[in-house]
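Here the numbering used here is used: the first residue of the first sequence is 31, the next is one more, and so on.
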Amino acid sequence: MSDSNQSLPYNDSDEKSILLYAGKLNGHTLKEIASFDIESARTSTHSKGFFGQALEEFYFYIKNNNIAAPDFINVGMELKSTPMKKTKGKGIVSKERLVLSIIDYMTINQLEFEGSFKKKNGKLLIVFYQSNNDVQYYDQKILKVVHWTYPPEDLRIIEEDWNTISKMVTEGRSHELSERFTHYLGACTKGMGHERDYREQPNSDIPARQRALSLKSSYVNKIFRESTQEEYTGVFTSEALIENKVGAFQSVFSNRDWTDDNFESFVLKAFDKFIGMKCSDIEKEIGISLNVASKSYRSQLTLNMMGIKTKKAKEFVDSDIEMKTIFLKPNNTSQESMSFSYFDYIELTKQTWETSDFCEVLDKRFFFPVFQRPKKNGDVVFKGAFFWSMPYLDMCEAKIVWEDTLEKIKMSDIDNLITSKQNRVAHVRPHARNSKDTCMAPNGQYYMKKCFWFNRNYISDIVKNSGILNKNQQSNLTDLY
DNA sequence: GCATGATCATGC
DNA sequence: GCATGATCATGC
């Protein structure tokens, strides 16, 4: 180690020295700052892979390795690069999840979080660059270099995620893994999904698709957003924030100690005392007054029950939890279907199921607060809340709807998309401001904007299976019927 | 009563 | 101005 140290432009046993050197990347491109021969360099405008390799090789001079040790082995720091993209509404956001290490199904259950994940990925040096497919990877601008260590409360959630993934592997359910069961850390697919991308797994004969641990895009956004520049090194760090800054959204942990062993049960406990209460009484109990007429009334009330005064809960934003309120009729079935974002007919035909917006949203963890009008014309009551991930078989049903929609759009058969009677899980229906709110199809004609919906009955089933109805029956028995 | 087509209301 | 979450209204 000390031999090669002589020739490095930084001291690889001194974290400060590495950070000082890394800080010089800020605002530059690899061509400007790394020392490699552009003439003989590989070319690709798809920066993925090439950018990271060039950064390691021609800037930090790290030998390519696949060993389970951090890149800066003497200081226990892992080097990562990740693309960011510009969006219309949200500014610069993460383009994709940040992939960490491959999950070895055969050995993960012999490992401990501390000795494996934390050791290899507990401390990161992340180089954020602006993704741009019009120019070479070495011409893409570096936006920020962040020295990242996880705040303890985040690390705890990550450890839970790691345990969730490890447990599924141990149970012989590696083939069911997806990103939708976890919060910050995800098990993302690695490879194109061909036969060669499948691996053996313990306690099951079913081959499981190769997956890697990754930080979800939502968490990458958090890192990008919340790190502030350290004057001395020019590198951004999270430390200033931990001490005295408050993020844009309020944490669910505000004013409450996290003594439970589980993030979700901690969240759910906040709701216990409101179960069975009328909305108006909940407002009184909390000491707030919301606009009952607002369509987001129950959503706002839910946040307030968690003690959140802002528009969103920080941990929900950082883990991309999809919160949607459910409204039940007196007979315990859902009042309405559930809409998702409208789709652009032409864009949809360019996607595959795996890259589709619909699949992406279904791969999220959901949070459902449930309200009910217990009897006709009665006051609305809070029934409870629960977290949910879409079961694998239901995902397959949704895929059928998506694929059917794709085919029919291609054949200009847009008036005959799947209805709620034709599929157990989802259907397609208009979702527009009015009938003039249209979108162009591949045939050049304009059709009213539509989106995928969860069937009303499917939502009823989700609620039934959640168990929350039985849970409150006791306390509500006199009120309800 | 419910599915389906259509639209509302808020916030960014 | 528009996406988004949510709900209305008609007709079978």
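Note that the Cβ used here is the ideal one computed from N, Cα and C, for glycine as well.
*Would you mind working out which of E294, R186 and S208 sits nearest F417, comparing C-alpha positions?*
E294
_Identity of the residues DSSP links to A217 by a beta bridge_ = Its beta-bridge partners are L243.
*For S204, name the three-state secondary structure that DSSP assigns.*
helix
*Identify the continuous beta strand (DSSP E) that holds A456 and give its terminal residues.*
Counting along the chain, the beta strand (DSSP E) containing A456 begins and ends at A456 to P460.
_Cβ neighbours of E189 in the same chain (closer than 7 Å, five flanking residues each side left out)_ = F143
*In the DSSP assignment, what residue or residues form a beta bridge with Q381?*
Its beta-bridge partners do not exist; DSSP assigns none.
*Between the segment 226-235 and the segment 200-209, do three or more beta carbon pairs fall short of 8 Å?*
As far as the Cβ criterion goes, the segment 226-235 touches the segment 200-209, which means the pair count is three or higher.
*From S450, T258 and K479, pick the residue whose C-alpha is nearest to that of I444; which is it?*
K479
_Just to confirm my understanding: we take P460, look at its own chain, exclude 5 residues before and 5 after, and list those with CB closer than 6 Å. What are they?_
M478 and K480
*asked:* I'd like the span of the beta strand (DSSP E) that includes G306, first residue to last.
replied: Per DSSP, G306 is not a residue of any beta strand (DSSP E), being assigned neither H nor E.
*asked:* Taking the beta carbon of K466 as the centre, do at least 16 other beta carbons fall within 10 Å, making it buried, or is it exposed?
replied: Label assigned to K466: exposed.
*Segment contact, 8 Å Cβ cut-off, at least three pairs: the segment 349-366 with the segment 394-401*: Yes, since at least three Cβ pairs between the segment 349-366 and the segment 394-401 fall closer than 8 Å, the two stretches touch.
*With a CB to CB cut of under 6 Å and the five nearest residues on each side skipped, what residues in its chain are close to A84?*
Cβ-Cβ distances below 6 Å link A84 to L60 in the same chain, with the five nearest sequence neighbours on each side left out; the list follows chain order.
*Between the beta-carbon of M307 and the beta-carbon of F484, is there less than 7 Å?*
no
*asked:* For Y51, count the other beta carbons within 10 Å of its own beta carbon; 16 or more makes it buried, fewer makes it exposed. Which is it?
replied: buried
_T137, buried or exposed, once every other Cβ within 10 Å from all chains shown has been counted against 16_ = Exposed, since its Cβ has fewer than 16 Cβ neighbours within 10 Å.
*Residues bridged to H177 by DSSP?*
DSSP lists L155 and T267 as partners of H177.
*Report yes or no: do three or more beta-carbon pairs, one from the segment 484-497 and one from the segment 441-457, lie closer than 8 Å?*
yes
*Taking the alpha carbon of I156 as the point to measure from, which residue in K120, K341, F81 and E225 has its own alpha carbon closest?*
When only C-alpha atoms are compared, the closest one is F81.
*On the premise that K148 lies in contact with F28, defined as a C-beta separation below 8 Å, what is that separation, rounded to the nearest angstrom?*
This structure leaves residue 28 out entirely; the chain is present only between 31 and 511.
*Reduced DSSP category for M198 - H, G, I as helix; E, B as strand; rest coil*: helix
*So, K153 versus Q160, is the Cβ gap smaller than 7 Å?*
The answer is no: Cβ separation not under 7 Å.
*Of all the alpha helix (DSSP H) runs that stay within the bounds of the segment 340-374, which reach a length of 4 or more residues?*
344-348
*asked:* Is it buried or exposed, P39, if we count other Cβ atoms within 10 angstroms and call 16 or more buried?
replied: Answer is exposed; the Cβ neighbour count stays below 16.
_Closest residue to E433 among L447, M420 and Y422 (Cα-Cα distance)_ = L447
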